[in-house]
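Asker: If you're matching positions, the sequence shown starts at 1 in UniProt numbering and goes up one per residue.
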Amino acid sequence: MDEVVDRCAEAPEPPEAPAQQLPEGDFIDGLLGLLEEDALASRLAELEDEQLYEDADFPADASSLSYSDPNDEALADIVWMRPHELVDEPALFVDGVSRGDVKQGDLGDCWFLSACASVARRPDLIERVVSPGQPLYGPGYQGVVAVRLWRFGAWVSVHVDDRLPTRDGRLLYASCADPREFWVAFIEKAYAKLHGSYEALAGGHSLEAFVDLTGGLAEKLSLKELPFRQLRIAFEHGAFVTCARRGDWQLATQRDEATGLVQGHAYTVTDVRRLEPREPDGAVRLLRLVRVRNPWAGSEWTGAWSDGDPRWDALDEETKQALSVTATEDGEFWMEYEDFQAQFEEVTVATLGPDFDADGSSDASDQVKIIQDRWTEGENAGGCRNDLEKFATNPQYLINLTETDDPDSESGDTAKCSLLVGLMQEHRRSEKNREMRMRAIAFFVYKTDTPSERLSAEYFLCVPEEGSSGVFVNSREVLGRFELEPGYYVLIPATYYPDQTRTFMLRIFGLKPFDVRKLPDQEILIHEQDAFVEEIT
Numbered sequence: 001m002d003e004v005v006d007r008c009a010e011a012p013e014p015p016e017a018p019a020q021q022l023p024e025g026d027f028i029d030g031l032l033g034l035l036e037e038d039a040l041a042s043r044l045a046e047l048e049d050e051q052l053y054e055d056a057d058f059p060a061d062a063s064s065l066s067y068s069d070p071n072d073e074a075l076a077d078i079v080w081m082r083p084h085e086l087v088d089e090p091a092l093f094v095d096g097v098s099r100g101d102v103k104q105g106d107l108g109d110c111w112f113l114s115a116c117a118s119v120a121r122r123p124d125l126i127e128r129v130v131s132p133g134q135p136l137y138g139p140g141y142q143g144v145v146a147v148r149l150w151r152f153g154a155w156v157s158v159h160v161d162d163r164l165p166t167r168d169g170r171l172l173y174a175s176c177a178d179p180r181e182f183w184v185a186f187i188e189k190a191y192a193k194l195h196g197s198y199e200a201l202a203g204g205h206s207l208e209a210f211v212d213l214t215g216g217l218a219e220k221l222s223l224k225e226l227p228f229r230q231l232r233i234a235f236e237h238g239a240f241v242t243c244a245r246r247g248d249w250q251l252a253t254q255r256d257e258a259t260g261l262v263q264g265h266a267y268t269v270t271d272v273r274r275l276e277p278r279e280p281d282g283a284v285r286l287l288r289l290v291r292v293r294n295p296w297a298g299s300e301w302t303g304a305w306s307d308g309d310p311r312w313d314a315l316d317e318e319t320k321q322a323l324s325v326t327a328t329e330d331g332e333f334w335m336e337y338e339d340f341q342a343q344f345e346e347v348t349v350a351t352l353g354p355d356f357d358a359d360g361s362s363d364a365s366d367q368v369k370i371i372q373d374r375w376t377e378g379e380n381a382g383g384c385r386n387d388l389e390k391f392a393t394n395p396q397y398l399i400n401l402t403e404t405d406d407p408d409s410e411s412g413d414t415a416k417c418s419l420l421v422g423l424m425q426e427h428r429r430s431e432k433n434r435e436m437r438m439r440a441i442a443f444f445v446y447k448t449d450t451p452s453e454r455l456s457a458e459y460f461l462c463v464p465e466e467g468s469s470g471v472f473v474n475s476r477e478v479l480g481r482f483e484l485e486p487g488y489y490v491l492i493p494a495t496y497y498p499d500q501t502r503t504f505m506l507r508i509f510g511l512k513p514f515d516v517r518k519l520p521d522q523e524i525l526i527h528e529q530d531a532f533v534e535e536i537t
């Protein structure tokens with residue numbers, strides 16, 4: 001009985017998410033600026049000859065810059081300009097896409113831009129988000145740019161006009177290293193529009209940016225507990241990786257003179273290498289290096305293996321060329337893994353599809369179920385297991401696992417069914433006309449022998465869960481990996497506190513076919529995807 005008492009002990013109260021009083025822009029279409037294609041075409045058709053599009057949903061004024069103080073005198077000298085007013089022959093892309101294109105401006109959105117730089121290792125993905133065929137001058141130019149972002153289960157088009165905030169003839173916020181190139185500036189503007197203002201992007205998590213840019217899955221990992229091999233294999237398998245420094249993001253303008261790094265700042269991991277160079281005495285040394293990029297395109301690490309460090313002299317020229325070692329102050333630098341672990345707190349690893357074994361590689365799986373549902377106060381928002389009667393009122397979904405993964409003949413282990421589950425709450429960094437907090441969420445998986453019945457409080461009192469997403473956390477999405485025996489299971493998503501109304505989405509991935517339905521037998525939006533990454537057309 002002691003085991004039951006331990007398992008049913010009160011769940012620890014999660015830290016309260018800070019209040020976010022970020023009123024969204026007063027969008028005239030009422031849909032967060034997501035304008036239907038027909039409505040946009042109608043607006044463009046109304047333009048006079050040589051008249052350019054002006055976005056009424058995200059106007060070129062201080063309200064689009066700041067939600068907290070649009071009358072701030074510091075914004076008075078900002079001028080909105082179109083690319084062709086800044087440079088000759090502007091384009092969304094010049095000579096393709098690279099991580100070196102991304103430069104942060106006067107906005108604390110390093111979390112977003114570090115993710116952009118990471119995804120840039122796949123130019124095809126960036127060009128799906130921003131189609132390169134959109135002119136910024138000349139024939140066909142109307143002053144509008146379309147950006148595709150993934151929002152709560154679907155790709156949406158965000159249309160913006162091409163006016164950008166400038167000061168003294170320079171872009172105020174994100175830009176590209178080549179002044180003729182503008183893809184970074186327009187992804188940032190579309191993301192700002194989706195959230196109500198540029199200021200709403202100040203401070204955030206790369207995890208969310210990765211999901212919104214790719215529609216994939218992302219998770220944060222503590223560097224203290226992360227083996228170098230896991231990071232290296234993840235990167236080699238195509239995962240997108242960012243890292244974050246300890247400290248307050250609001251102080252992410254302060255460079256540590258001792259290290260060259262910035263506290264509370266997000267960086268992009270651009271390479272991970274394991275080397276075995278030979279020392280002058282003939283001994284072979286194990287060298288584990290990580291290459292990191294600051295979205296400022298400056299302010300580099302000054303410690304061991306930094307640009308110009310004499311340790312590089314011990315490596316042959318072929319190795320240094322393979323590592324692209326330069327002394328250029330471009331914001332990119334190498335670090336030894338031990339220093340990387342000491343200076344950074346966590347990494348965010350993102351994949352385009354389900355990664356069942358956490359190796360950074362998207363595993364082949366077209367078995368995907370997406371469920372969109374809602375916790376409603378007084379009905380099915382039961383909260384955590386501190387009150388089992390209320391917990392039992394949460395939505396419950398029956399999962400039927402019948403086919404096991406291919407058995408591992410070498411290990412002799414009993415074949416299991418692999419599942420990866422993601423629970424996402426619908427949350428924007430701003431919400432119309434009310435204070436918004438990120439809810440603490442989690443989900444639980446129980447085995448059942450009565451597939452036609454909901455699980456009761458008595459059941460939870462006596463039967464432990466098979467697994468969960470972990471402790472309740474104030475995060476937009478939580479993930480869990482499971483290897484389960486064939487049978488029936490009940491998946492229960494919950495907020496920590498009861499009676500918190502919120503829309504949520506479950507994404508369930510399996511290596512083999514499986515069935516899902518809501519308990520009791522109710523109609524619910526459960527649909528399958530043939531492939532995880534939807535084609536953007």
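C-beta: ideal position from N, C-alpha, C; glycine also.
(1) Does Gly30 come out as helix, strand or coil in the three-state DSSP assignment?
(2) Which first and last residues belong to the alpha helix (DSSP H) in which Thr348 is found?
(3) Confirm, please, whether the CB-CB distance from Leu479 to Val421 is below 8 Å.
(4) Taking the C-alpha atoms as reference points, what is the distance between Tyr89 and Glu181?
(5) Along the chain, which unbroken stretches of the alpha helix (DSSP H) at least 4 residues long are found entirely within the stretch 65 to 101?
(6) Let's test the definition: count the other Cβ atoms within 10 Å of the Cβ of Thr270 and tell me whether it reaches 16, buried, or not, exposed.
(7) Enumerate, from N- to C-terminal direction, the unbroken alpha helix (DSSP H) stretches of 4 or more residues contained entirely within the stretch 434 to 482.
(8) Assuming Val490 contacts Gly467 under a Cβ cut-off of 8 Å, what Cβ separation, rounded to an integer in Å, is found between them?
(9) What are the boundary residues of the alpha helix (DSSP H) that includes Thr501?
(10) If I measure Cβ to Cβ from Arg246 and keep anything under 6 Å in the same chain, skipping five residues before and after, which residues do I get?
(11) Distance check for Met424 and Glu483, CA to CA, integer angstroms please.
(12) Does Phe509 pass the burial test, meaning 16 or more other C-beta atoms within 10 Å, or should it be called exposed?
(13) Identify, in the order they occur along the chain, each residue of the same chain with its Cβ nearer than 7 Å to the Cβ of Pro520, setting aside the five sequence neighbours on each side.
(14) Rounded to the nearest angstrom, what separates Lys518 and Met505 at their Cα positions?
(15) Which whole runs of the alpha helix (DSSP H) in the stretch 191 to 268 are 4 residues long or more, in chain order?
(16) Which residues in the same chain as Val284 place their Cβ atom closer than 6 Å to its Cβ, once the five residues preceding and following it in sequence are excluded?
(17) Would you mind stating whether Phe93 and Trp183 have Cβ atoms separated by less than 8 Å?
(18) Classify Leu164 as buried or exposed, calling it buried when 16 or more other Cβ atoms lie within 10 Å of its own Cβ.
(19) Residues in the same chain with beta-carbon distance under 6 Å from Lys512, minus the five sequence neighbours each way, listed in chain order, please.
(20) Taking Gly153 as the reference, which of Lys369, Asp72 and Asp162 has the closest Cα?
(21) Which stretch, first to last residue, makes up the beta strand (DSSP E) that contains Lys369?
(22) Starting from Val147, follow its DSSP beta bridges and name the residues at the other end.
(23) Would Ser114 pass as a contact of Thr268 if the rule is Cβ separation under 8 Å?
(24) Spatial neighbours of Glu332 within its chain, please: CB distance less than 6 Å, with the 5 preceding and 5 following residues excluded, ordered by chain position.
(25) Should Gln500 be labelled buried (16 or more other beta-carbon atoms within 10 Å of its own) or exposed?
(26) On the CB-based measure, 16 or more other CB atoms within 10 Å of its CB, does His237 come out buried or exposed?
(27) For Arg291 and Asp106, what's the separation of their Cα atoms in angstroms?
(28) Between which two residues does the beta strand (DSSP E) containing Ser418 stretch?
(29) In whole angstroms, what separates the C-alpha of Val5 from that of Val102?
(30) Where Asp256 and Pro295 are concerned, what is the direct C-alpha to C-alpha distance, given to the nearest angstrom?
(31) Do the stretch 142 to 152 and the stretch 68 to 78 make contact, defined as three or more Cβ pairs closer than 8 Å?
(32) Compare the Cα-Cα distances from Arg121 to each of Thr351, Leu35, Ser469 and Asn400 and report the closest residue.
(33) In terms of residues, what are the limits of the alpha helix (DSSP H) holding Phe182?
(34) I need the DSSP call for Trp296, collapsed to helix, strand or coil.
(35) Given Phe340, which residues of its chain have a CB within under 6 Å of its CB, disregarding the five upstream and five downstream residues?
Answerer: This is what the structure holds:
(1) Looking up residue 30 in the sequence shown gives position 30. Any answer about Gly30 is weak, because its pLDDT of 48 lies below 50 and its placement is not dependable; what the coordinates show is given next. Three-state result, Gly30: coil.
(2) Working through the sequence shown from its first residue, we reach residue 348 at position 348. Boundaries around Thr348 are those of the beta strand (DSSP E), Phe344 to Thr351, since no alpha helix (DSSP H) includes it.
(3) Here residue 421 refers to the residue found at position 421 when the sequence shown is read from its first residue. Here residue 479 refers to the residue found at position 479 when the sequence shown is read from its first residue. Inclusion of Val421 and Leu479 in the CB contact set at 8 Å is warranted, their separation being smaller than that value.
(4) Here residue 89 corresponds to residue number 89 of the sequence shown, with the count starting at 1. Here residue 181 corresponds to residue number 181 of the sequence shown, with the count starting at 1. It is Glu, not Tyr, that sits at residue 89 in the sequence shown. Their Cα atoms are separated by approximately 9 Å.
(5) Listed in chain order, they are 83 to 86.
(6) Here residue 270 is taken as the residue at index 270 of the sequence shown, counted from 1. By the 16-neighbour rule on beta-carbons within 10 angstroms, Thr270 is buried.
(7) Annotation note: the stretch 434 to 482 contains the following uninterrupted alpha helix (DSSP H) runs of length 4 or greater, listed N- to C-terminal: 457 to 462.
(8) Here residue 490 is taken as the residue at index 490 of the sequence shown, counted from 1. Here residue 467 is taken as the residue at index 467 of the sequence shown, counted from 1. Not really, about 12 Å apart at Cβ, beyond 8 Å.
(9) Within the sequence shown, numbered from 1, the residue matching residue 501 stands at position 501. In the DSSP assignment, Thr501 falls outside any alpha helix (DSSP H), carrying neither H nor E.
(10) Within the sequence shown, the letter at position 246 stands for residue 246. Result list for Arg246: Glu345, in chain order.
(11) The count along the sequence shown starts at 1 and reaches residue 483 at position 483. The count along the sequence shown starts at 1 and reaches residue 424 at position 424. Between Glu483 and Met424, the C-alpha separation is close to 21 Å.
(12) By one-based count along the sequence shown, residue 509 stands at place 509. In the assembly as shown, Phe509 is a buried residue. Its beta-carbon has 16 or more other beta-carbons within 10 Å.
(13) Position 520 of the sequence shown, counted from the first residue, corresponds to residue 520. Cβ within range, chain order: Arg454.
(14) Residue 518 sits at position 518 when you count from the first residue of the sequence shown. Residue 505 sits at position 505 when you count from the first residue of the sequence shown. Whole-angstrom Cα-Cα distance: 13 Å.
(15) Counting whole runs of 4 or more residues, the stretch 191 to 268 contains the alpha helix (DSSP H) stretches 206 to 214 and 228 to 236.
(16) Residue numbering aside, residue 284 sits at position 284 when the sequence shown is read from its first letter. Within the same chain, Val284 has close Cβ partners Glu276 and Arg278.
(17) By one-based count along the sequence shown, residue 93 stands at place 93. By one-based count along the sequence shown, residue 183 stands at place 183. In this structure, Trp183 lies closer than 8 Å to Phe93 by Cβ.
(18) Here residue 164 refers to the residue found at position 164 when the sequence shown is read from its first residue. Under this definition Leu164 is a buried residue.
(19) Indexing the sequence shown from 1 puts residue 512 at position 512. Cβ within range, chain order: Glu403.
(20) As a first step, residue 153 is located in the sequence shown; it is residue number 153 there, counting from the start. For Gly153, the closest of Lys369, Asp72 and Asp162 by C-alpha to C-alpha distance is Lys369.
(21) In the sequence shown, residue 369 corresponds to position 369, counting from 1. For Lys369, the enclosing beta strand (DSSP E) begins and ends at Gln367 to Trp375.
(22) Stepping through the sequence shown from its first residue, residue 147 is reached at position 147. Its beta-bridge partners are Val158.
(23) If you number the sequence shown from 1, residue 114 lands on position 114. If you number the sequence shown from 1, residue 268 lands on position 268. Yes, the Cβ-Cβ distance between Ser114 and Thr268 is below 8 Å.
(24) Taking the sequence shown and counting its residues from 1, the one referred to as residue 332 is at position 332. Closer than 6 Å at Cβ, skipping near neighbours: Arg293.
(25) On the sequence shown, position 500 is the one that residue 500 refers to. Buried is the call here.
(26) Taking the first residue of the sequence shown as position 1, residue 237 is located at position 237. With fewer than 16 Cβ atoms within 10 Å of its Cβ, His237 is classed as exposed.
(27) In the sequence shown, the residue the question calls residue 291 occupies position 291. In the sequence shown, the residue the question calls residue 106 occupies position 106. Going by C-alpha positions, Arg291 is about 25 Å away from Asp106.
(28) Mapped onto the sequence shown, residue 418 falls at position 418. That run of the beta strand (DSSP E) goes Cys417 to Gln425.
(29) On the sequence shown, residue 5 is found 5 positions in, with the first residue counted as 1. On the sequence shown, residue 102 is found 102 positions in, with the first residue counted as 1. With a pLDDT of 34 at Val5, under the threshold of 50, the modelled position of this residue cannot be trusted; read the value that follows with caution. Each residue's Cα considered, the two are about 53 Å apart.
(30) For this step, residue 256 is matched to residue 256 along the sequence shown. For this step, residue 295 is matched to residue 295 along the sequence shown. Whole-angstrom Cα-Cα distance: 16 Å.
(31) With the cut-off at 8 Å, the stretch 142 to 152 and the stretch 68 to 78 do not touch.
(32) Within the sequence shown, numbered from 1, the residue matching residue 121 stands at position 121. Just measuring C-alpha positions, the residue of Thr351, Leu35, Ser469 and Asn400 sitting nearest Arg121 is Thr351.
(33) Taking the first residue of the sequence shown as position 1, residue 182 is located at position 182. DSSP places Phe182 outside any alpha helix (DSSP H), giving it a letter other than H or E.
(34) Sequence index remark: in the sequence shown, residue 296 carries index 296 (1-based). Looking at Trp296 - three-state DSSP - the assignment turns out to be coil, as it is neither helix nor strand.
(35) What you label residue 340 is simply residue 340 of the sequence shown in a count that begins at 1. In the same chain as Phe340, and ignoring 5 residues on each side of it, the C-beta atoms closer than 6 Å to its own belong to Val290, in chain order.
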